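Here the structure is laid out as structure tokens; the discussion comes afterwards.
Residue numbers (the numbering used here): 25 to 362.
Here's what the structure looks like:
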């Protein structure tokens, strides 16, 4: 928008104003859609290629957004506040691209897997699909999962645990996969190294084109993109706990182990990620066929509004702790407290 407006720096904060201001307000105005597709149409809907095509159409939009943001930073004489707006806005967009990577990463098709890598490579978060699919989905809503927030844990304390924990788990899972194939870690078939190399190539090309300003641009961009995912992980399972069975293993993941929201506008933007309860119970179900259930724990807003709420821990705790306790039948021992 800023480039189209002739370089007017006032447009530098458009992406953030849209993502956190407009979407939050529209969620309040438009409201929720609690309805599900008819049961006899779910399979037909799941196989409709239009919805898969939308994911592939979104991918170049995210790449173009980052490239144009780099062009703006590299060619315009921006004040510091405008540089911050462009950079954080680009990070928010690349963080949203991880939603596309998340959806495609759950598919076994080779083309989908490659597209998922391209989505994650935007922000240098190549380990996401690996640790999410083979780590988070296995340990979700347990104290062992670094990507499941604990009751009473602030967003910022969670980030200090989740970010390094996810990175370590991703590397460990990929190392184990290569070892089973008889391959060393430093091999071209390492999915982590593929994604990191692509991101470093992007940074190097931008630096060669626009100078050293690209290094702080990409550093801030990457961290803020990761922050978008961290906020999503935080609100998705806050305080919820799968109980241990008599054999010492955790019960199966059910829809009630994820916070859900049916807010229409943000669900459209985020490819129904916010119907997270059905996703965790049925991770292979495509986003367009995810269902709502009447007895689910519910967030007070769509993700943009919930992210803002989580950013102020006293307000988050005031709203969400009573919800979590009610979910646990007012028995705090049945919550994830670490």
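Each residue gets a CB set at the ideal place from its N, CA and C atoms; glycine is no exception. Values in this document were obtained by computation on a predicted structure and should not be read as measured data.
Query raised in the report: In angstroms, rounded to a whole number, what distance separates the CA positions of residue 287 and residue 233?
Result: Per the coordinates, the alpha-carbon of residue 287 lies some 42 Å from the alpha-carbon of residue 233.
Requested in this report: Indicate whether at least one CB of chain D lies closer than 8 Å to the CB of residue 99.
Outcome: You won't find chain D in this structure, because it holds only one protein chain.
Report task. Pick out whichever of 356, 265, 345 and 199 has its Cα sitting closest to the Cα of residue 178. Result -> The candidate whose alpha carbon is nearest that of residue 178 is 345.
Requested in this report: With a 10 Å radius around its C-beta and 16 neighbouring C-beta atoms as the bar for buried, classify residue 325 as buried or exposed.
Outcome: Counting C-beta atoms within 10 angstroms of its own C-beta, residue 325 has 16 or more neighbours from the protein chains shown and is therefore classed as buried.
Query - Top-ranked residue by Cα proximity to residue 309, from 175, 343 and 296 - result: Taking each of 175, 343 and 296 in turn and checking the Cα distance to residue 309, the smallest one comes out for 296.
Query raised in the report: From residue 41 to residue 252, what distance separates their C-alpha atoms?
Result: Distance between the alpha carbons of residue 41 and residue 252 is about 15 Å.
Query - Buried versus exposed call for residue 77 [16 or more other C-beta atoms within 10 Å across all chains shown] - result: Flag for residue 77 reads exposed.
Requested in this report: Can you give me the start and stop residues for the alpha helix (DSSP H) that residue 366 sits inside?
Outcome: Look at the range of the chain in this structure, 25 to 362, and you will see that residue 366 is not part of it.
**Report entry** Extent of the continuous alpha helix (DSSP H) run through residue 260
**Finding:** 238 to 261 is the span of the alpha helix (DSSP H), which, as asked, contains residue 260.
**Report entry** Other residues of its chain near residue 339: CB distance less than 8 Å, five sequence neighbours each side excluded
**Finding:** So the list reads 333, once near-sequence residues are dropped.
Query raised in the report: If you drop the 5 nearest sequence neighbours on each side, which residues of the same chain put their C-beta closer than 6 Å to that of residue 163?
Result: Closer than 6 Å at Cβ, skipping near neighbours: 169.
Query - Assumed close pair residue 329, residue 51 - CB separation to whole angstroms, cut-off 8 Å - result: The Cβ separation is near 6 Å, so the contact holds.
Query - Three-state secondary structure (DSSP) of residue 303 - result: Residue state for residue 303 is assigned as helix, using DSSP reduced to three classes.
Requested in this report: Tell me where the alpha helix (DSSP H) around residue 278 begins and ends.
Outcome: Per DSSP, residue 278 belongs to no alpha helix (DSSP H) and is neither H nor E.
Requested in this report: Report yes if the C-beta of residue 292 is less than 7 Å from at least one heavy atom of the ligand ZN; otherwise report no.
Outcome: The ligand ZN is absent from the structure shown, which contains no ligand whatsoever.
Requested in this report: Excluding the 5 residues preceding and the 5 following residue 118 in the sequence, name in chain order all residues of the same chain whose CB lies nearer than 7 Å to its CB.
Outcome: By the criterion of a C-beta distance shorter than 7 Å, residue 118 is surrounded in its chain by 86, 90, 146, 147, 245 and 249, once the five residues flanking it on both sides are discounted.
Query - Whole-Å CB distance - residue 182 paired with residue 258, under 8 Å assumed - result: Contact annotation, residue 182 with residue 258: C-beta distance approximately 5 Å; criterion of less than 8 Å satisfied.
**Report entry** Those residues which DSSP pairs with residue 284 across a bridge
**Finding:** According to the DSSP secondary-structure assignment, residue 284 is paired through a beta bridge with 322.
Query raised in the report: Grouping DSSP H, G and I as helix and E and B as strand, with all else coil, what is residue 268?
Result: Residue 268: strand per DSSP, three-state reduction.
Query raised in the report: So, are the CB atoms of residue 275 and residue 300 less than 8 Å apart?
Result: No, they are not a contact pair.
Report task. Report yes if the CB atom of residue 54 is closer than 8 Å to the CB atom of residue 82, and no otherwise. Result -> It is not a contact, given that the beta carbons lie outside the stated cut-off.
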